[in-house]
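Participant:
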Amino acid sequence: MRHRLLLLLTIAAAHFLFPTSVTAAELHGNVATVDLTPPAELKAPLGGYGERMNAPAHGVHDRIFGKALVITDGSKKFALVTADMLGFPPPFKQAVVDRLASRGWTTDNIMLLASHSHTSIEMNAINPLNTFDIPQIGIHNPDLFEFTVANFVRLITEADKDHSPIRIGTNSQHLAGWNRNRRGEDGVVDNELTVTRIDKSSGEPLAVLVNFTAHPTFMTAREMMFSGGWPGHLQRTTEALIGGHVCVMYYNGAEGDQSPRGRPGSGDSRWEMAERYGRELGIVVANDWQNIKTQADTEFQFHRQTIPLPDRSWHPDFLQTGG
């Protein structure tokens, strides 16, 4: 049995076991981190809640970061990028790709994954196609767009240097009681935690990929400072517990109606609720990481697929109102 690392548009860094006769190549990789926290003079708005009316953040509770993992087998390479951000509009990724095209980067071999933080950069503020000037959905900020794109270009460029041989392993488990379906108790709940461990061949930890599905919504529209939310606390806690300058990278799942459940004893402060949740989940991740076995015998493949959606149409209820 050999491990095949599949890097897909919809399943990032998933690591599956199945038989294959393909000869695997040795993989090499490296990571990089960049501080994405906008300076105050950019007057960056926080995303996630329309009632904030595009108001700029009041300050910084904890800094937000972007992290990149570049993997190569010598003939092809892939960049997996995570960030403490709400999301990425399509023009944002294209701008990053355009500036990296001369270095072998394309739309197909770069994946951007957001934590979906509701106390981070407003997604529509970094969308050049957003010309509506509607504060409830965010107003485009060209300077913020340039600041963020430049940081992502620098991030991927730094991770694409000094690659070391790597070993990979993964594990998943279900965590009951950590999230819920906000549509009701009978709704589907995705409570699977997936942890992928990437070490250098020397045994030194390089990266940990963490996937768990829940909106970072402990903070409400009233919290007006930049923060990575509970995913930020998760990453910092796991990095501290593992040590060795490991880079912990969190990416959300299809969070939809998945909301986090506050941990017992969190208190009334929204900031405390987020910190407690992230720190306790970080402990779970670190404990799981210790038991993951890695191996170098890995086939490396990735594939990007665009899924067409149905044509846009008016909702029947809206039509009944005479709209």
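Residue numbers (our numbering): 881 to 1203.
Backbone N, C-alpha and C fix where the C-beta goes; we use that ideal spot for every residue, glycine too.
Since we're looking at a predicted model, the values are computed, not measured.
Output the residue ranges of the beta strand (DSSP E) runs that lie fully inside the segment 962-1046 and measure 3 residues or longer, sorted by chain position.
Facilitator: If we require 3 residues or more, the beta strand (DSSP E) runs fully inside the segment 962-1046 come out as 990-994.
Participant: Using 8 Å for Cβ pairs, my map puts valine 1126 next to valine 1088. What's the rounded Cβ distance?
Facilitator: Indeed, because the Cβ distance is near 6 Å, the residues count as touching under 8 Å.
Participant: Name the DSSP bridge partner or partners of glutamate 1072?
Facilitator: Answer by DSSP bridge pairing, in chain order: His1054.
Participant: If I follow the unbroken beta strand (DSSP E) through histidine 908, where does it start and stop?
Facilitator: First-last of the beta strand (DSSP E) with histidine 908: 908-915.
Participant: Would you decide whether asparagine 1132 is buried or exposed? Buried here means 16 or more other CB atoms lie within 10 Å of its CB.
Facilitator: So asparagine 1132 counts as buried.
Participant: Taking threonine 1178 as part of the beta strand (DSSP E), name the residues at either end of that continuous run.
Facilitator: Unbroken beta strand (DSSP E) run through threonine 1178: 1178-1183.
Participant: Can you tell which of Met1105, Phe1098, Ile1187, Ile1172 has its C-alpha closest to the C-alpha of isoleucine 1122?
Facilitator: Ranking the options by Cα distance to isoleucine 1122, first place goes to Ile1172.
Participant: Alpha carbon to alpha carbon, how far is alanine 1176 from phenylalanine 1098?
Facilitator: Answer to the nearest angstrom: the Cα atoms are 39 Å apart.
Participant: If you draw a straight line from the alpha carbon of methionine 1105 to that of aspartate 1070, how long is it in whole angstroms?
Facilitator: Computed Cα separation, rounded: 29 Å.
Participant: Check each candidate in Thr962, Met933, Leu907 and name the one with the smallest Cα separation from glycine 954.
Facilitator: Comparing Cα positions, the closest option is Leu907.
Participant: Which runs of the beta strand (DSSP E) at least 3 residues long sit entirely within the segment 1122-1176? Give them in chain order.
Facilitator: Complete beta strand (DSSP E) runs here, min 3: 1127-1131, 1138-1140.
Participant: Distance check for arginine 1150 and glycine 930, CA to CA, integer angstroms please.
Facilitator: Distance between the alpha carbons of glycine 930 and arginine 1150 is about 19 Å.
Participant: Assuming leucine 966 and glycine 939 make a contact with CB atoms under 8 Å, what is their CB distance in whole Å?
Facilitator: The Cβ separation is near 18 Å, so there is no contact.
Participant: Between the beta-carbon of glycine 1109 and the beta-carbon of serine 1193, is there less than 9 Å?
Facilitator: Against a cut-off of 9 Å, the Cβ pair of serine 1193 and glycine 1109 comes out as no contact.
Participant: Can you tell me which of Glu1072, Gly1064, Asp1040 puts its alpha carbon nearest to the alpha carbon of histidine 1222?
Facilitator: Summary: the structure shown does not reach residue 1222, with the chain confined to residues 881 through 1203, and so no result is reported for it.
Participant: Once DSSP output is grouped into helix, strand and coil, what is the label at threonine 1093?
Facilitator: Of the three classes helix, strand and coil, the one that applies to threonine 1093 here is coil, per DSSP.
Participant: Going straight from the alpha carbon of glycine 1145 to that of glycine 1057, what length do you get?
Facilitator: Each residue's alpha carbon lies about 15 Å from the other.
Participant: On the criterion of 16 or more Cβ atoms from any shown chain inside 10 Å, does arginine 1047 qualify as buried, or is it exposed?
Facilitator: Buried: at least 16 other Cβ atoms inside 10 Å.
Participant: Between the alpha carbons of leucine 887 and proline 936, how many angstroms are there, rounded?
Facilitator: Note that leucine 887 has pLDDT 40, beneath the 50 cutoff, so the model's placement of it is unreliable and the number below is only indicative. When rounded, the distance between both Cα atoms is 36 Å.
Participant: At which residues does the alpha helix (DSSP H) containing leucine 1199 begin and terminate?
Facilitator: Here the alpha helix (DSSP H) through leucine 1199 covers 1196-1200.
Participant: Output needed for asparagine 1238: all residues of its chain with C-beta closer than 7 Å, excluding positions within five of it in sequence on either side, in chain order.
Facilitator: The structure shown does not extend to residue 1238, since the chain is modelled only from 881 to 1203, so the question has no answer here.
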